[in-house]
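> Below you will find the structure I want to go over with you.
Protein chains in written order, with my numbering: chain A, 1 to 111; chain B, 112 to 226.
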């Protein structure tokens, strides 16, 4: 069973616009969330994270929002750039050192 | 520029053969993770180690997979015997000292094809 879900396998956005990537999770005990970006033929690279005690974390063009009651996580990229085109994975840590990745969303930023 | 290295980068083998994948974590990192990426399942955590001791290998098929850390600079993932359904990209990641939720740094992956 998939405990971290990214229901949109792909997303296309115009350059300069906002990209919103969504992630849902099932386990209310998850307490730390991360987003990773992955280019083809490379390993994922860390992008941004958020602890469950917060509802927002911002780093430059990237902002992660956490809605614990809805068990929902989102990544906003503003403004989107062609170099942001990649697969984005959300991931979550739970108690007992459980760790789960989502299935990924492929973002294409159109110049 | 410290990075995680993985060898081999590509491996083609026949069903039934043993496959060994190696990972060199970033020097000083004490947590090592093994992942498998497939089209259907995305990134699956197979196992991870902290200070060379296995913390969780519940994601790993025990009958054919084994993971070890012979020393702090080498982690291995072995499949014996390999099967076509093991075809995937296998990633190793290492984490910096501190709480286990620290950022993971991924290697480039080993692309395995079992015929």
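Beta carbons: idealized from backbone N, C-alpha and C, even for Gly.
1) At least one CB of chain B closer than 7 Å to the CB of residue 60 of chain A: is that the case?
2) Name the chain B residues whose beta carbon is nearer than 7 Å to that of residue 9 of chain A?
3) Could you tell me the distance, in whole angstroms, from the CA atom of residue 55 of chain A to the CA atom of residue 76 of chain A?
4) Would you call the CB atoms of residue 38 of chain A and residue 87 of chain A closer than 7 Å?
5) Taking the CB atoms as reference points, tell me whether residue 216 of chain B and residue 147 of chain B lie closer together than 7 Å.
6) Round the Cβ separation of residue 85 of chain A and residue 9 of chain A to the nearest angstrom and send it over; I've been treating them as touching at under 8 Å.
7) Below 9 Å on C-beta distance, what does residue 102 of chain A contact in chain B?
8) Have a look at residue 140 of chain B and residue 124 of chain B and give me their C-alpha separation to the nearest angstrom.
9) Interface residues of chain A around residue 219 of chain B at Cβ under 8 Å?
10) Establish whether the CB of residue 160 of chain B and some CB of chain A are separated by less than 7 Å.
11) Within the continuous beta strand (DSSP E) that includes residue 133 of chain B, where are the two ends?
12) Please compile the residues from chain B whose C-beta is within a distance smaller than 8 Å of the C-beta of residue 46 of chain A.
13) Please state the DSSP three-state secondary structure of residue 147 of chain B.
14) In whole angstroms, give me the CA-to-CA distance for residue 12 of chain A and residue 197 of chain B.
15) Between which two residues does the beta strand (DSSP E) holding residue 215 of chain B run?
16) Comparing the C-beta of residue 30 of chain A with each C-beta of chain B, is any distance below 7 Å?
17) Can you give, in chain order, each stretch of the beta strand (DSSP E) that sits fully within the region 58-87 of chain A and has at least 3 residues?
18) Less than 7 Å between CB atoms is the rule here; does residue 202 of chain B satisfy it with respect to chain A?
19) So is residue 99 of chain A in contact with chain B if we call contact Cβ pairs under 7 Å?
20) Compare the beta carbon distance of residue 186 of chain B and residue 143 of chain B with 7 Å and say whether it is the shorter of the two.
21) Would the region 62-80 of chain A and the region 21-35 of chain A be scored as touching if the rule is three or more Cβ pairs under 8 Å?
22) Determine the closest residue to residue 36 of chain A out of A/28, A/46, A/27, A/63, with distance taken between C-alpha atoms.
23) Tell me which residue opens and which closes the beta strand (DSSP E) that residue 43 of chain A is part of.
The short version:
1) No, residue 60 of chain A does not count as interfacial toward chain B.
2) Here the premise fails: no neighbours, minimum Cβ distance about 10 Å.
3) One C-alpha to the other measures close to 13 Å.
4) Yes, they are a contact pair.
5) Inclusion of residue 216 of chain B and residue 147 of chain B in the CB contact set at 7 Å is not warranted, their separation being larger than that value.
6) Contact doesn't hold; Cβ gap of about 15 Å is too wide.
7) Under the 9 Å cutoff, chain B gives 153, 154.
8) Roughly 31 Å separates the two Cα atoms.
9) Within 8 Å Cβ-Cβ: 41, 42, 43.
10) Chain A contact via Cβ: absent.
11) Where residue 133 of chain B is concerned, the enclosing beta strand (DSSP E) stretches over 130-135.
12) When 8 Å is used as the limit between beta carbons, residue 46 of chain A is near these residues of chain B: 214, 215, 216, in chain order.
13) When DSSP states are grouped into helix, strand and coil, residue 147 of chain B belongs to the strand group.
14) Taking the straight line joining both Cα atoms gives about 32 Å.
15) From DSSP, the beta strand (DSSP E) with residue 215 of chain B extends over 215-217.
16) Closer than 7 Å to the CB of residue 30 of chain A there is not a single CB belonging to chain B.
17) The region 58-87 of chain A is shown to contain whole beta strand (DSSP E) runs of 3 or more residues at 62-67, 72-77, in chain order.
18) Closer than 7 Å to some Cβ of chain A, the Cβ of residue 202 of chain B qualifies, so yes.
19) Yes, contact with chain B.
20) Residue 186 of chain B places its beta carbon less than 7 Å from that of residue 143 of chain B.
21) Result yes; three or more Cβ-Cβ pairs closer than 8 Å.
22) For the residues A/28, A/46, A/27, A/63, the minimum Cα distance to residue 36 of chain A belongs to A/46.
23) Boundaries cannot be given for residue 43 of chain A, as no beta strand (DSSP E) includes it and DSSP labels it neither H nor E.
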